[in-house]
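Student: Numbering (my numbering), first residue to last: 957 to 1263.
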């Protein structure tokens, strides 16, 4: 229940799910129209033009909460005039769990076995003791590193800033990402989509990856040049790919990736609505409380970095 000095928060766009407003109220926020709002909780992961119009109606808004960790649809709106937060870290646990699922399924040949109609020959490699390279050093990576600990992997993380990460053997600067590809048995993409990371895996990078290694993408489809990946999978340049995201997305009916035996595809379900709602609700409520106390919010967008 809000108090007289509760922060004035608008939930937009119109027609947003009721749980978003409930999360604001649970955090002690007072629900108001955009014209009166100090903060905007934007519940639509798309339609940046609609958010732009809402912001024009909200001259007092000092904070904007976006729903997803990826903010590429809104990056042209993000500015230094307001505090911007996103779903950064909210979905780390379920997305890391799916990355591990795709990795194990790929390395152990489940994609091939699932397509068979007769007893097949043995295939597969162990994740146990494998060399794992992860591009990206955020919440998904932190969760995945923890999940990998029982497998006794050698883990290399590539991230924008080099710093110690628990459970990680090597941390490399972002511009050295190509150095982390040779020798890896598993390569996982868990990084933000920016102009610098779009197409970061193309034919040149795929040629550096071991011919038995699996490439897992739980970040954004545009990190990978799709045509180059198709050729690499067809020609055995890499062992296989597990994709929760694709370019284009949704992946079109009849696309070659659907029929490749060394490609596993899930329809961007790293976090389903059932998983996301309680997680994002908690984040919204927490940030409303922090905003009311004028404390640092969680999931801050780095305006200059673009994520």
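Every residue, glycine too, gets a C-beta built ideally from N, C-alpha and C.
Taking only runs that begin and end inside the segment 1027-1088, name each unbroken beta strand (DSSP E) of 3 or more residues, in chain order.
Tutor: 1039-1041
Student: Under the assumption that residue 1198 contacts residue 1095 (Cβ atoms under 8 Å), give the Cβ distance between them as a whole number of angstroms.
Tutor: For this step, residue 1198 is matched to residue 242 along the chain shown. For this step, residue 1095 is matched to residue 139 along the chain shown. That belief does not hold up - the Cβ atoms of residue 1198 and residue 1095 are roughly 20 Å apart, past 8 Å.
Student: Once the 5 residues before and after residue 992 are set aside, which same chain residues still bring their CB inside 6 Å of it?
Tutor: Counting from 1 along the chain shown, the entry for residue 992 is found at position 36. Cβ neighbours of residue 992 beyond the five flanking positions: 964.
Student: Return the first residue and the last residue of the alpha helix (DSSP H) that residue 1235 is part of.
Tutor: Taking the chain shown and counting its residues from 1, one reaches residue 1235 at position 279. In the DSSP assignment, residue 1235 falls within the unbroken alpha helix (DSSP H) covering 1229-1248.
Student: Check the C-beta distance from residue 1143 over to residue 1171 and give it rounded, since I have them as a contact under 8 Å.
Tutor: Stepping through the chain shown from its first residue, residue 1143 is reached at position 187. Stepping through the chain shown from its first residue, residue 1171 is reached at position 215. Indeed they touch by this definition, with Cβ atoms about 5 Å apart.
Student: How should residue 1099 be labelled, buried or exposed, when 16 other C-beta atoms within 10 angstroms of its C-beta is the threshold for buried?
Tutor: The sequence position of residue 1099 within the chain shown is 143, counting from 1. Under this definition residue 1099 is a buried residue.
Student: Looking at the unbroken alpha helix (DSSP H) that takes in residue 1097, where does it start and where does it end?
Tutor: Mapped onto the chain shown, residue 1097 falls at position 141. Residues 1095-1104.
Student: Is the number of C-beta pairs between the segment 1029-1049 and the segment 1080-1095 that are closer than 8 Å three or more?
Tutor: yes
Student: Tell me the DSSP secondary structure of residue 1187 in three-state form.
Tutor: Position 231 of the chain shown holds residue 1187. Looking at residue 1187 - three-state DSSP - the assignment turns out to be helix.
Student: Quick check on the DSSP output: the alpha helix (DSSP H) that includes residue 978 runs from which residue to which?
Tutor: Counting from 1 along the chain shown, the entry for residue 978 is found at position 22. First-last of the alpha helix (DSSP H) with residue 978: 974-982.
Student: Look at the alpha carbon of residue 1209 and the alpha carbon of residue 1215, and state the distance between them as a whole number of angstroms.
Tutor: If you number the chain shown from 1, residue 1209 lands on position 253. If you number the chain shown from 1, residue 1215 lands on position 259. Taking the straight line from one Cα to the other gives about 11 Å.
Student: Between the Cα of residue 999 and the Cα atoms of 1247, 985, 977 and 1014, which residue gives the shortest distance?
Tutor: As a position in the chain shown, residue 999 is number 43, starting the count at 1. Answer by Cα proximity: 977.
Student: DSSP three-state label for residue 1021, please.
Tutor: Walking along the chain shown from the start, residue 1021 turns up at place 65. Residue 1021 falls in the strand class under three-state DSSP.
Student: Is it buried or exposed, residue 1021, if we count other Cβ atoms within 10 angstroms and call 16 or more buried?
Tutor: Residue mapping note: residue 1021 aligns to position 65 of the chain shown, counting from 1. Under this definition residue 1021 is a buried residue.
Student: Inspect the beta-carbon positions of residue 1240 and residue 1203 and report whether they are closer than 8 Å.
Tutor: Taking the chain shown and counting its residues from 1, the one referred to as residue 1240 is at position 284. Taking the chain shown and counting its residues from 1, the one referred to as residue 1203 is at position 247. Taking 8 Å as the Cβ cut-off, residue 1240 and residue 1203 do not qualify as a contacting pair.
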